[in-house]
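S.K.:
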Amino acid sequence: MKIDVAFTPFELEKKNLAGKAVVVIDSLRATSTMVTAFENGCAGFIPVATVEEARELAGNLKDPDILLGGERQARAIEGFHVGNSPRDYSHMKVRGKIVIMTTTNGTRALVAARKAEEIFIGAFLNLSAVCRRLTESGRDVIIACSGEKNLFCIEDVVCGGGMIACLSAERNSLVLTDAARAAKILYEHFSPDICRMLEESEWGQYLAGIGLSEDVRICAQIDSSSLVPVYREGQVVLDRRVLPKP
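With the numbering used here applied, the sequence shown covers 102 to 347.
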């Protein structure tokens, strides 16, 4: 198994994804929020690029089980049912619901990964579960970091490095690119206190500055979930269920 890391969606777009498994990570907060939502009974997500596209799709579907979700600059979007905070996605709000989701960075990473054979949603919350799925898959892996506006974000790279460390502990036949080695080294450096790393990251500090420090602590909970959502045919689901289309 060969493991590579794309530090931004722009970098992912340049890679050959044919036959590979991709793990999309936006640990603060989109992929952590998705995992939390599935834990609370959410039926699935339909990621879209823009606020306008989300509203148009919701209007076309006319489904009472549709929620609009997302953020811009980490803040909830006016008129949307939920934002991009894990705390928004409670059992009472999202059980059985489909969320049309638009976020600043995570959506682009998913779209950039669309040509891969398998696409998994990863976060600190389901780190070990993702590694089990990758082992079962047996494919070469690209870990796709969402970054921030196509720039490096340490939290996504460290999360990817944690997955590489986990896989390395289980297998002797891994081949790591330089990017994968760098991610693993970063994880090993920060692993004694992942929460502190998230809090001290640029985005973690920004979230704390707008009153969302609790989100950062939630996103630091390693292996709190055994669920591994997948991105397939433009939808994020737990299984092969197909969500409605207009």
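Glycine included, every Cβ here is placed at the ideal spot set by N, Cα and C.
Model, not experiment: these values are computed from the prediction.
Hey, is the segment 129–141 in contact with the segment 273–293, meaning 3+ C-beta pairs nearer than 8 Å?
M.R.: Contact fails: fewer than three Cβ-Cβ distances are below 8 Å.
S.K.: Given a cut-off of 7 Å on the beta-carbon distance, is the pair G305 and A284 in contact?
M.R.: Result no, Cβ atoms of G305 and A284 do not sit closer than 7 Å.
S.K.: For R209, which of helix, strand or coil comes out of DSSP?
M.R.: Correct three-state label for R209: helix.
S.K.: Beta strand (DSSP E) containing M202: first to last residue?
M.R.: It spans 199–203 - the beta strand (DSSP E) in which M202 sits, taken as one unbroken run.
S.K.: What's the C-alpha gap between E157 and N206?
M.R.: If I take the Cα positions, the gap works out to 20 Å.
S.K.: Using alpha carbons as the reference points, say which of V183, N251, I201 lies closest to E112.
M.R.: Checked all of V183, N251, I201; the closest Cα to E112 is N251.
S.K.: Go through its chain and collect everything with a Cβ distance to V338's Cβ below 6 Å, but skip five positions before and after it.
M.R.: Hits under 6 Å: G145.
S.K.: Classify F253 as buried or exposed, calling it buried when 16 or more other Cβ atoms lie within 10 Å of its own Cβ.
M.R.: Under this definition F253 is an exposed residue.
S.K.: Am I right that V123 and A217 are in contact with their C-beta atoms under 8 Å? What's the rounded C-beta distance?
M.R.: Their Cβ separation, rounded to whole angstroms, is 4 Å, which keeps V123 and A217 in contact under 8 Å.
S.K.: Please list, in chain order, all residues of the same chain as A150 whose beta carbon is under 6 Å from its beta carbon, the five residues on each side excluded.
M.R.: Answer for A150: T208, listed in chain order.
S.K.: Considering only C-alpha positions, which residue in the set L287, V200, G160, A131 is nearest to A175?
M.R.: Ranking L287, V200, G160, A131 by Cα distance to A175 puts A131 first.
S.K.: To which residues of the same chain is Y288 closer than 6 Å at the C-beta, ignoring the five residues directly before and after it?
M.R.: Contacts found: V259, G262, G263, A266.
S.K.: At the level of alpha carbons, what is the spacing between G142 and R196?
M.R.: Spanning the two alpha carbons is a distance of roughly 4 Å.
S.K.: What first and last residue would you give for the alpha helix (DSSP H) that runs through Y288?
M.R.: Residues 279–291.
S.K.: Looking at the structure shown, is L113 part of a helix, part of a strand, or coil, going by DSSP?
M.R.: Helix.
S.K.: Which word fits K163, buried or exposed, when buried means at least 16 other C-beta atoms lie within 10 angstroms of its C-beta?
M.R.: Exposed.
S.K.: Considering only their Cβ atoms, is the gap separating C232 from L268 smaller than 7 Å?
M.R.: Closer than 7 Å, so yes.
S.K.: Curious, which full-length beta strand (DSSP E) runs of at least 3 residues does the segment 117–189 contain?
M.R.: Entirely contained in the segment 117–189, the beta strand (DSSP E) runs reaching 3 residues are, in chain order, 122–126, 145–148, 167–173.
S.K.: For the segment 226–279, list the beta strand (DSSP E) runs that are entirely contained and at least 3 residues long, ordered along the chain.
M.R.: 242–246, all fully within the segment 226–279.
S.K.: Where does G335 fall in DSSP's three states?
M.R.: In this structure, G335 counts as coil in the three-state DSSP scheme.
S.K.: What does the Cβ neighbour count give for K198, buried or exposed, with the cut at 16 atoms within 10 Å?
M.R.: K198 comes out buried.
S.K.: Consult DSSP for I220 and reduce its assignment to one of helix, strand or coil.
M.R.: Strand at I220.
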